[in-house]
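Comments concern the structure below.
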Amino acid sequence: MRPEKPSIVADLETKLNASPYLFVTDYTGLRVDQFGELRHRLEGAGAECRVVKNTFLRLAVRDAGLPELEGLNGQTAIVLGESDVAAAAKVVKTFAKEFDKPTIRVGIIDKAIVSADQINAIADLPSREILLAQFLGVLQAPASKLVRVLNEPASALARALKAKADKDGGVAA
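Quick look at the structure:
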């Protein structure tokens, strides 16, 4: 093995260990300007796209202790990052709809192999902020219902007294 190959594999292994996800894509037919646009969009989502040799990727995945990837052939690019997996998946999916490339082959999320269909399903999820807001709403719903139930007797009494006062023409001070 040439002396630079182990350092390339070690660098790739470091990136794989730092990333909670990895998408393996086939970028065949993608022009250079389109690939640059994909990289730019992924950068905005906190991810990066790198072209890798299949052999280097196999070695780095093995060294990182990740599950073995099957069917690595052709032109391979990987998408990885340190932030939200859904944001990166969303960028790749919308880019692929726009340009018909790249195609996602397989992925690894939290050391588990996921299919292209599963990655596309993750891309369809709302953003992290929206999911957190929905979760907070679910958590707050029982508390707000409890407050309404506890306030109802006092509110009913206040409405009854106001109705009585309106009927009698006002309350004497």
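For the sequence shown, our numbering begins at 15 and goes up steadily by one. Ideal placement from N, C-alpha and C gives every residue a C-beta, glycine not left out.
- Its chain contains E62 and C63 as the residues whose beta carbon lies nearer than 8 Å to that of R53, once the 5 sequence neighbours on both sides are disregarded; these appear in chain order.
- Taking 3 residues as the minimum length, the beta strand (DSSP E) runs contained wholly in the stretch 32–66 are 35–40 and 61–66, in order along the chain.
- One thing to note: A102 has its Cβ within 7 Å of the Cβ of V93.
- In this structure, K125 lies near L80, with their beta-carbon atoms less than 7 Å apart.
- Close CB contacts of Q89 within its chain, under the 8 Å cut and outside five residues either way in sequence, are with D40, Y41, T42 and V65 (chain order).
- A straight line joining the alpha-carbon of A78 with that of I127 spans about 14 Å.
- Across the structure, N165 and G60 are spaced so that their CA atoms are roughly 47 Å apart.
- Here the stretch 18–35 lies against the stretch 68–76, with 3 or more beta-carbon pairs under 8 Å apart.
- With fewer than 16 other Cβ atoms from the protein chains shown falling within 10 Å of its own Cβ, P167 counts as exposed.
- Each residue's CA atom was taken as its position, placing A130 and A137 some 11 Å apart.
- It is roughly 17 Å from the alpha-carbon of S97 to the alpha-carbon of K107.
- Beta-carbon to beta-carbon, F37 and I133 are separated by about 6 Å, close enough to satisfy the 8 Å threshold.
- In this structure, DSSP gives S141 a state outside helix and strand, which the three-state scheme calls coil.
- 7 Å or more divides the Cβ of I123 from the Cβ of V105.
- The Cβ-Cβ distance between K115 and L44 falls below 7 Å.
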